[in-house]
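Number of protein chains: 2
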Amino acid sequence: MKWDRLFEASSRYSMLIDHYIMDFMSITPDRLSGASLHLIKAGGKRLRPLITLLTARMLGGLEAEARAVPLAASIETAHTFSLIHDDIMDRDEVRRGVPTTHVVYGDDWAILAGDTLHAAAFKMIADSREWGMSPEQAYRAFKVLSEAAIQISRGQAYDMLFEETWDVDVADYLNMVRLKTGALIEAAARIGAVAAGAGSEIEKMVGEVGMNAGIAFQIRDDILGVIGDPKVTGKPVYNDLRRGKKTLLVIYAVKKAGRREVVDLIGPKASEDDLKRAASIIVDSGALDYAESKARFYVGRARDILSRVPAVDAESKELLNLLLDYIVEREK
Amino acid sequence: MKWDRLFEASSRYSMLIDHYIMDFMSITPDRLSGASLHLIKAGGKRLRPLITLLTARMLGGLEAEARAVPLAASIETAHTFSLIHDDIMDRDEVRRGVPTTHVVYGDDWAILAGDTLHAAAFKMIADSREWGMSPEQAYRAFKVLSEAAIQISRGQAYDMLFEETWDVDVADYLNMVRLKTGALIEAAARIGAVAAGAGSEIEKMVGEVGMNAGIAFQIRDDILGVIGDPKVTGKPVYNDLRRGKKTLLVIYAVKKAGRREVVDLIGPKASEDDLKRAASIIVDSGALDYAESKARFYVGRARDILSRVPAVDAESKELLNLLLDYIVEREK
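Residue numbers (the working numbering), protein chains in the order written: chain U, 61 to 392; chain Y, 61 to 392.
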């Protein structure tokens, strides 16, 4: 199958990363450890640590890859923190096919689990010194992560504000997505470059690969929110529509079909029938084609930049290219 | 007055720190900036940044003090993050005499504001490079903060678990307080030593000063929770008792008066009369004297260690000693 090589690399890396995170988060009290690891144990694609490790190997070979393990774990840990808190804010009850952390442990413990993972993500970067990172490298890595962490919060803030308004255009959407989703995937790639000891030019280039891949990733997520199979995605059907999220598809459909057609059919007051009807208006508007072409545009941009990055390891570069395909073709 | 010199230094430093934080947190969207700065703008003692700046000056003079500004701001920012999230978990509605962040902005924005401040605290340490910190110093500072941040979460976890049980003794309490309150005050002092370029022995010593001061600080907080004047403390009367917190006073009173006397009088189901009655049982048990002597014990230990720390600036050491007095004598 097309993705076999990618999944094989991914599952090898995931074992490393999961082991590192589980070990790191074996803290007391037990309930805090349990709440912090609940979503990690539920699985997930581990896409971000894969990007960190492949980027490190592409630029610095196997030694750089080994140094990057705590950094890759840090990125996944930061991602998990943001998912747990977003799920509280969005009142999402299912993710990765299991009840979300706040559903199982209550809001208070979910807030605290997120905070613990957030802190742990930074502590993992500090600990990367023991994996061969220099103080200068560790400093650069934590600068990248701390900048990304602020951007994620700002992105979530815009996402929440957009739920309250219909005055959101494609430029607003892209600004939000760059912050909410792009920034951490950009950081995943940059941190891999830092582990490889790459110069700031190369770090910036792979960061742009990550940012563009991240935008495409979010657009694909928006698409799966309308046409995805809940059994495959692990998320309830029409989640985004129920919450009144201004996804790229909703923005496009409103522009084509008119605000009045869509406005009463999505949001927390909409019935299941309303949501179904909203989904069919979205499909009829041509929003899927539009979003797919947008996703392909950003992945194409990522691929162009990646092609200009000098690689010491050709295989990891090929895998990164395959990963870019996967981002826009995935079903979950 | 006894505290004049301390308050004079504190208000001079607070202007610096507040300015730095306000400037740093001028981010979009505005609502995120507003929610993040709400509690900062309400005032506060700014005790932790004072410890960072005085420690830096004591060990490294005025240049070290100047380098420590972003670090001191980072510690206060991390503290504010933990207050905002704790207030959500504890359902506290008033702090520093104003409604808490989640009361004004709602839980979602308060979670997000806390997350943003948490990330910002780390980013401030990254930015300390521009204030003359070396990569090695910045690395050490950020290691200290990331360790403290995990400990704060663990401490809050124990604090929440203790609300569910009466099986909490003084050793459990002290373990919780070291994590929840001591760790960040320890970090405040250590980070000051890092800014001064002090060796790891000195860093450890001032850290112990901070840890012991932090334990005393929390015990004084527990005392003020029973006998404090809400107009002065800025917190509602009997807050801790209403929440069923296992403060040092409650633990002592239970040991003296018996569990059955106290158990039904505190916690979320207790009436105002119950709480008043619980407070008088606590007072009658001699818990205040006990707690005061404990607080003085830890402050004494902090003072002993501080006396052995070599100072290049005698005035800041005197002010730190004065601060130790203040911690156990303060009314707010």
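Where a beta carbon is used, it is the ideal one built from N, C-alpha and C, also for glycine.
Of all the CB atoms in chain U, is at least one closer than 9 Å to the CB of P89(Y)? Along the second sequence, one-based indexing puts residue 89(Y) at 29. Yes, P89(Y) lies at the interface with chain U (some Cβ there is under 9 Å from its Cβ).
Per DSSP, the bridge partner or partners of V154(Y): Counting from 1 along the second sequence, the entry for residue 154(Y) is found at position 94. DSSP output for V154(Y) lists P159(Y) as bridge partner(s).
May I ask you to report which of helix, strand or coil DSSP gives Y312(Y)? Taking the first residue of the second sequence as 1, we reach residue 312(Y) at position 252. It is helical.
Exposed or buried, what is A231(U) when buried is set at 16 or more other beta-carbons lying within 10 Å of its beta-carbon? On the first sequence, residue 231(U) is found 171 positions in, with the first residue counted as 1. Exposed is the call here.
Nearest-angstrom Cα distance between A398(Y) and E125(Y)? Outside the displayed span of chain Y (61 to 392) sits residue 398(Y), for which this structure offers no information.
Counting beta carbon pairs with one atom in the stretch 137-147 of chain Y and one in the stretch 270-282 of chain Y, are three or more of them shorter than 8 Å? The answer is no - the stretch 137-147 of chain Y does not touch the stretch 270-282 of chain Y, with fewer than three Cβ pairs under 8 Å.
Give, in chain order, every unbroken run of the alpha helix (DSSP H) that is at least 4 residues long and sits entirely within the stretch 100-169 of chain Y. Given a length threshold of 4 residues, each whole run of the alpha helix (DSSP H) inside the stretch 100-169 of chain Y is given here in chain order: 107-127, 129-150 and 161-165.
Roughly how many whole angstroms lie between the Cα atoms of S74(Y) and A351(U)? Position 14 of the second sequence, counted from the start, is the residue given in the question as residue 74(Y). Position 291 of the first sequence, counted from the start, is the residue given in the question as residue 351(U). For S74(Y) and A351(U), the distance between alpha carbons rounds to 50 Å.
Check the Cβ of Y218(Y) against every Cβ in chain U and list those closer than 7 Å, keeping chain order. Position 158 of the second sequence, counted from the start, is the residue given in the question as residue 218(Y). Chain-ordered, the chain U residues with CB closer than 7 Å to the CB of Y218(Y) read P89.
Taking the continuous alpha helix (DSSP H) assigned at I342(Y), which residues delimit it? Counting from one through the second sequence, the residue named residue 342(Y) turns up at place 282. Where I342(Y) is concerned, the enclosing alpha helix (DSSP H) stretches over E332 to D344.
Going by C-alpha to C-alpha distance, which of L234(U), G259(U) and E268(U) sits closest to A247(U)? Start at 1 with the first residue of the first sequence, and residue 247(U) comes out as number 187. Out of L234(U), G259(U) and E268(U), the CA that lies nearest to the CA of A247(U) is found in E268(U).
Check whether the Cβ atoms of G103(Y) and R156(Y) lie closer than 9 Å to each other. Translated into the one-based positions of the second sequence, residue 103(Y) becomes position 43. Translated into the one-based positions of the second sequence, residue 156(Y) becomes position 96. Annotated as proximal: G103(Y) and R156(Y), with beta-carbon spacing under 9 Å.
Which runs of the alpha helix (DSSP H) fall wholly inside the stretch 255-334 of chain U and span at least 4 residues, in chain order? Taken in chain order, the whole alpha helix (DSSP H) runs of length 4 or more contained in the stretch 255-334 of chain U are 260-287, 290-293, 299-303, 308-317 and 319-323.
Is the beta carbon of P159(U) closer than 9 Å to that of A132(U)? By 1-based counting over the first sequence, the position of residue 132(U) is 72. By 1-based counting over the first sequence, the position of residue 159(U) is 99. Cβ distance not < 9 Å, so A132(U) and P159(U) don't count as in contact.
I want to know whether the stretch 189-205 of chain U touches the stretch 197-216 of chain Y - three or more CB-CB distances under 8 Å. Put simply, the stretch 189-205 of chain U touches the stretch 197-216 of chain Y. At least three CB pairs are less than 8 Å apart.
Does the beta carbon of L234(Y) sit closer than 9 Å to a beta carbon anywhere in chain U? Position 174 of the second sequence, counted from the start, is the residue given in the question as residue 234(Y). Taking Cβ atoms only, chain U never reaches closer than 9 Å to L234(Y), which makes this a no.
DSSP state of K392(Y) mapped onto helix, strand, coil: Along the second sequence, read from residue 1 onward, the residue named residue 392(Y) stands at position 332. Note: K392(Y) maps to coil in three-state DSSP.
Pairwise C-alpha distance: K305(Y) and F222(Y): Here the question's residue 222(Y) lines up with position 162 in the second sequence. Here the question's residue 305(Y) lines up with position 245 in the second sequence. Distance between F222(Y) and K305(Y), taken at the CA atoms: about 7 Å.
Roughly how many angstroms separate the alpha carbons of F67(U) and A208(U), rounded to a whole number? Taking the first residue of the first sequence as position 1, residue 67(U) is located at position 7. Taking the first residue of the first sequence as position 1, residue 208(U) is located at position 148. The straight-line gap from Cα to Cα measures roughly 27 Å.
Put R200(Y) into one of helix, strand or coil per three-state DSSP. Working through the second sequence from its first residue, we reach residue 200(Y) at position 140. DSSP places R200(Y) within a helical segment (H, G or I) once states are collapsed to three.
Mind pulling the chain Y residues with CB within less than 7 Å of A276(U)? Your numbering for residue 276(U) matches position 216 in the first sequence. Residues of chain Y whose Cβ lies closer than 7 Å to the Cβ of A276(U) do not exist, since the nearest Cβ in that chain is about 24 Å away.
Any non-hydrogen atom of the ligand MN closer than 8 Å to F202(U) Cβ: Annotation note on the ligand MN: not contained in the displayed structure, which lists no ligands.
In the structure shown, what three-state DSSP assignment does D227(Y) receive? Translated into the one-based positions of the second sequence, residue 227(Y) becomes position 167. The DSSP-derived three-state label of D227(Y) is coil.
Determine the direct distance from the alpha carbon of L76(Y) to that of A374(Y), and round the result to whole angstroms. Translated into the one-based positions of the second sequence, residue 374(Y) becomes position 314. Translated into the one-based positions of the second sequence, residue 76(Y) becomes position 16. The C-alpha of L76(Y) is placed about 22 Å away from the C-alpha of A374(Y).
Presumed contact (8 Å Cβ cut-off) between G270(Y) and I245(Y), rounded CB distance: In the second sequence, counting from the first residue as 1, residue 270(Y) sits at position 210. In the second sequence, counting from the first residue as 1, residue 245(Y) sits at position 185. At roughly 4 Å, the Cβ-Cβ gap stays under 8 Å, so G270(Y) and I245(Y) are in contact.
Any idea what DSSP makes of M82(Y), helix, strand or coil? Counting from 1 along the second sequence, the entry for residue 82(Y) is found at position 22. Here M82(Y) sits in helix by DSSP.
Should S142(Y) be labelled buried (16 or more other beta-carbon atoms within 10 Å of its own) or exposed? Residue numbering aside, residue 142(Y) sits at position 82 when the second sequence is read from its first letter. Flag for S142(Y) reads buried.
Compare the beta carbon distance of V266(U) and A253(U) with 9 Å and say whether it is the shorter of the two. Your numbering for residue 266(U) matches position 206 in the first sequence. Your numbering for residue 253(U) matches position 193 in the first sequence. Yes, these two residues count as a Cβ contact at 9 Å.
Rounded to a whole number of angstroms, what is the C-alpha to C-alpha distance between R117(U) and V372(U)? Translated into the one-based positions of the first sequence, residue 117(U) becomes position 57. Translated into the one-based positions of the first sequence, residue 372(U) becomes position 312. Their backbone Cα atoms lie some 8 Å apart in a straight line.
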